[in-house]
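**Student:** The structure under discussion is supplied below as structure tokens; questions concerning it will follow.
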Amino acid sequence: MKLTISRWRLAFGTLVLALTPLLALAQGGGFGSGYGPPLKVIPAPQSFTTSEAHYQFLLTQAKGGTQHTIASVPRWDGLWVTAGNTHMDAFIEGGNFNGKVRAGVLTPAYEKAFKERWREQTEEGQVHYDRLGRCEPPGMPRFLLEPYSHEFINLPTESYLINDFGPSIRRVLIGKQHSNLYGTHSWYGDTIGFWDGDKLVLNTKYLYPADFTRWSPMTSNQFEAVEIWQLHKYPDGIERIEVQATFYDKFAFVKPVSAVYAFRHAAELAQADYRVIHWECDQTNNNFLDDKGVSNFHLPGEAGFNDGRGSTIFPELPGQTRDPIYNTALPAATSPAQSQSAPKGAKP
Amino acid sequence: MKRLFNPLLLASAVVLMTTNVAQAHHSFAMFDNKTFVTKTGTIVRWAFNNPHTWLYLNIKNADGSETLWSFEGAGVTGLIQRGVTGNTIKPGDTVTFMYCPLRDGRPGGAIGWVKLADGKALNLADGGCTGTEETSRKR
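Line by line, the protein sequences are chains A and B. In terms of our numbering, the first sequence opens at residue 46 and continues consecutively. In terms of our numbering, the second sequence opens at residue 28 and continues consecutively.
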């Protein structure tokens, strides 16, 4: 009988190992791919030199856009999670982790920088460093693939595109012109938009340098985007928000780059009665960049350890722990050093 | 008769199937993700926080003393989709678990799977550790 079970184990293990690469390669961008039919990029209708020219073309085509009311504006209620994307196809031959960096897509400086990231990812198994490890916001275009939950709230004159990372909120001003009173750029820049029936068309400018993700190219402070968001319904009750995006970046791209991103209803989160709560990466993160340029962690008891469930700076007062249900305690970060056994008791 | 589908084996399989495309907000370069170690310890804290969860355990050393070990897991939304919450693991629980160690030798790593005292197996892994029961070695 043992032999039979071992065979079952072997068969099951073999099946898993066989499926694993297929899942990983299904759509190279990952992040929830494999839900619904394969994603297809719809490129820009013609060549544009700037994102604004592209946006204005679409606005003219839509005859100034659809004026929705609170009753007619498309509703994308509830929680969403990522359902794949095609961004790696734009930069990697084959769009998966076995491919090589495509030539002629990135400018020489950005291609060189990306090749080093790709070498680390493919040869060493990991990019050494991810800027989000320092709690930088995802920014754009990374907002479109972050795996934390998303919410999309549409009103006739504004839309709020929310990612539960940080959190990150993109505010879309419907029917407005770009404005920049700060005199600088920011993580999510300035987004204007219009409705074309059930399609939400966006133009985003004034962004900070960021990246697509850590194993994908970096972007410059001249990165701009035109996005078309639309809810698609497929057989078997599949609903997917698809974002057809064209990215412009005169420092990073030889010519504009197009990709499609997707989101699906977070049915598992709704079933679990999940509630999004406020969190800030800085409050709980212990990732740091070491002197070799590699990500690492501070551990309890070490200098720099950030105890996200520890006490406030007033531990002498009752009720100051941030772990009031389980009342656990970790060693205080008093010296550079040695980890120690955790205290047996904890102060509530 | 032995059960045909071992829950730990299933968790190991799910670890493999769900973590191939790493989704963490940081690099996994600090983990030796080709080494899979199994240990038993007592839960000190299950920090079910974003951007990543952390499991803190006291583990007995050969001389009878204890060392606090720290292991990073997936983010909250990812784990809730696998049926794991902030109340699934409690301080004082004794668990057996698999992890990929920190390369610099400090007491920590990336968590793979955890087996609770009642035999229930959990997949807590992010992309940093994708080993199975069979590939783990006891230390």
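Glycine residues also receive a C-beta, built at the ideal position from the N, C-alpha and C atoms. Because the structure is a prediction, the values reported are computed rather than measured.
Using a cut-off of 7 Å between C-beta atoms, extract the partners of residue 150 (chain A) located in chain B.
**Tutor:** Within chain B, no residue comes near residue 150 (chain A); the closest Cβ sits about 21 Å away, beyond 7 Å.
**Student:** In chain order, what residues of the segment 76 to 90 of chain B put their CB closer than 7 Å to some CB of chain A?
**Tutor:** Answer in chain order: 76, 77, 78, 83, 85.
**Student:** Where does residue 231 (chain A) sit, in a helix, a strand or coil, going by DSSP?
**Tutor:** Three-state DSSP puts residue 231 (chain A) in a strand.
**Student:** Under a CB-based cut-off of 8 Å, is residue 22 (chain B) close to chain A?
**Tutor:** No information on residue 22 (chain B) is available, as it lies outside the stretch 28 to 166 that chain B covers here.
**Student:** List in chain order: all unbroken beta strand (DSSP E) runs of 3+ residues lying wholly within the segment 322 to 365 of chain A.
**Tutor:** Segments of the beta strand (DSSP E) lying fully in the segment 322 to 365 of chain A: 332 to 334, 340 to 342.
**Student:** Comparing the C-beta of residue 305 (chain A) with each C-beta of chain B, is any distance below 8 Å?
**Tutor:** It does not; no Cβ of chain B falls within 8 Å.
**Student:** Does any residue of chain A have a CB that is nearer than 8 Å to the CB of residue 57 (chain B)?
**Tutor:** Chain A contact via Cβ: present.
**Student:** How far does the alpha helix (DSSP H) with residue 159 (chain A) in it extend, from its first residue to its last?
**Tutor:** 153 to 164 is the span of the alpha helix (DSSP H), which, as asked, contains residue 159 (chain A).
**Student:** Quick one: grab the DSSP three-state call for residue 98 (chain B).
**Tutor:** Strand.
**Student:** For residue 342 (chain A), decide whether its Cβ has a neighbour in chain B, counting only Cβ atoms nearer than 8 Å.
**Tutor:** Yes, its Cβ sits closer than 8 Å to a Cβ of chain B.
**Student:** As an exercise, report each continuous alpha helix (DSSP H) stretch of at least 4 residues that is fully enclosed by the segment 99 to 135 of chain B, in chain order.
**Tutor:** Fully enclosed alpha helix (DSSP H) runs of 4 or longer: 103 to 107.
**Student:** Measuring only the C-alpha atoms, how far is residue 268 (chain A) from residue 238 (chain A)?
**Tutor:** Taking the straight line from one Cα to the other gives about 17 Å.
**Student:** Give a yes or no on whether 8 Å exceeds the smallest Cβ distance from residue 138 (chain B) to chain A.
**Tutor:** It does not: the Cβ of residue 138 (chain B) has no partner Cβ on chain A nearer than 8 Å.
**Student:** Under the three-state reduction of DSSP, which class applies to residue 169 (chain A): helix, strand or coil?
**Tutor:** Residue 169 (chain A): helix per DSSP, three-state reduction.
**Student:** Strictly below 8 Å CB to CB, what residues from chain B border residue 80 (chain A)?
**Tutor:** What residue 80 (chain A) touches in chain B: nothing, since even the nearest Cβ is about 12 Å away.
**Student:** Does any residue of chain A have a CB that is nearer than 8 Å to the CB of residue 102 (chain B)?
**Tutor:** So, interface residue.
**Student:** Among residues of its own chain, excluding the 5 on either side of residue 244 (chain A), which ones have a beta-carbon nearer than 6 Å to its beta-carbon?
**Tutor:** The residues are 273, 275.
**Student:** Given residue 330 (chain A), which residues of its chain have a CB within under 6 Å of its CB, disregarding the five upstream and five downstream residues?
**Tutor:** Closer than 6 Å at Cβ, skipping near neighbours: 180.
**Student:** Between residue 138 (chain A) and residue 145 (chain A), is the Cβ-Cβ spacing less than 8 Å?
**Tutor:** Yes, the pair counts as a contact, with Cβ atoms nearer than the cut-off.
**Student:** With distances taken between CB atoms, is the gap from residue 287 (chain A) to residue 84 (chain A) smaller than 8 Å?
**Tutor:** For residue 287 (chain A) and residue 84 (chain A), yes; Cβs fall inside 8 Å.
**Student:** Span of the alpha helix (DSSP H) holding residue 275 (chain A)?
**Tutor:** Unbroken run through residue 275 (chain A) is the beta strand (DSSP E), 269 to 279; no alpha helix (DSSP H).
**Student:** Using a Cβ-Cβ cut-off of 8 Å, state whether residue 173 (chain A) counts as contacting chain B.
**Tutor:** Yes, because at least one Cβ of chain B sits closer than 8 Å to the Cβ of residue 173 (chain A).
**Student:** Assuming residue 80 (chain B) and residue 151 (chain B) make a contact with CB atoms under 8 Å, what is their CB distance in whole Å?
**Tutor:** That pair is a contact at about 7 Å.
**Student:** For a contact meaning CB atoms closer than 8 Å, what does residue 83 (chain A) contact in chain B?
**Tutor:** Neighbours of residue 83 (chain A) on chain B: none; closest Cβ ~16 Å, over 8 Å.
**Student:** From residue 104 (chain A) to residue 110 (chain A), what does the alpha carbon distance come to, in whole angstroms?
**Tutor:** Computed Cα separation, rounded: 6 Å.
**Student:** Quick check on the burial criterion: 16 or more other C-beta atoms within 10 angstroms. Buried or exposed for residue 99 (chain B)?
**Tutor:** Per the 10 Å Cβ criterion, buried.
**Student:** So what's residue 195 (chain A) in DSSP terms, helix, strand or just coil?
**Tutor:** Looking at residue 195 (chain A) - three-state DSSP - the assignment turns out to be strand.
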